[in-house]
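Just so we're aligned: the sequence shown equals residues 654 to 734 in the working numbering.
We treat Cβ as the ideally placed atom computed from N, Cα and C, and that holds for glycine.
In what follows, a structure is listed as structure tokens, so that the remarks can point back to it.
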Amino acid sequence: MSLKTNEEYEQRRTRQVSKIRAVLDYAMGVLIVGIGLFLVFRSSFNIKLNKIYPPDVFDKVYGVLTILYGCWRLYRGYKKK
654 MSLKTNEEYE QRRTRQVSKI RAVLDYAMGV LIVGIGLFLV FRSSFNIKLN
704 KIYPPDVFDK VYGVLTILYG CWRLYRGYKK K
């Protein structure tokens, strides 16, 4: 193998890893935003969890922080692409 072939291989591998990480950031961002939305709007759902552990202010604050973190993960995935 020549030096140029090795460099091309490393560049191709770096691009592939970057794409995989971007997709992972997108997937995790969507999942984290979904969890945050669930926490913020949990009181409007009629689920058994609300009867056992009633929603409070901490759920909403943590939900908003989770949404912000999920949006940051989505942005990071966008910037890597």
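Using the C-alpha atoms, what's the distance from residue j back to residue i?
i, j, result
"Asp678", "Ser697", "29 angstroms"
"Phe691", "Lys701", "14 angstroms"
"Leu727", "Asp712", "22 angstroms"
"Arg695", "Leu721", "17 angstroms"
Using 10 angstroms around the beta-carbon of residue i, count the other beta-carbons present and answer buried if the total reaches 16, otherwise exposed.
i, result
"Gly689", "buried"
"Gly723", "buried"
Consult DSSP for residue i and reduce its assignment to one of helix, strand or coil.
i, result
"Ile706", "The sequence shown places Tyr at residue 706, not Ile. Correct three-state label for Tyr706: coil."
"Asn659", "helix"
"Phe698", "coil"
For the ligand MG, is there any heavy atom lying closer than 7 angstroms to the beta carbon of residue i?
i, result
"Tyr731", "The ligand MG is absent from the structure shown, which contains no ligand whatsoever."
Does the region 697 to 717 come within contact of the region 655 to 674, defined as at least 3 CB pairs closer than 8 angstroms?
-> no
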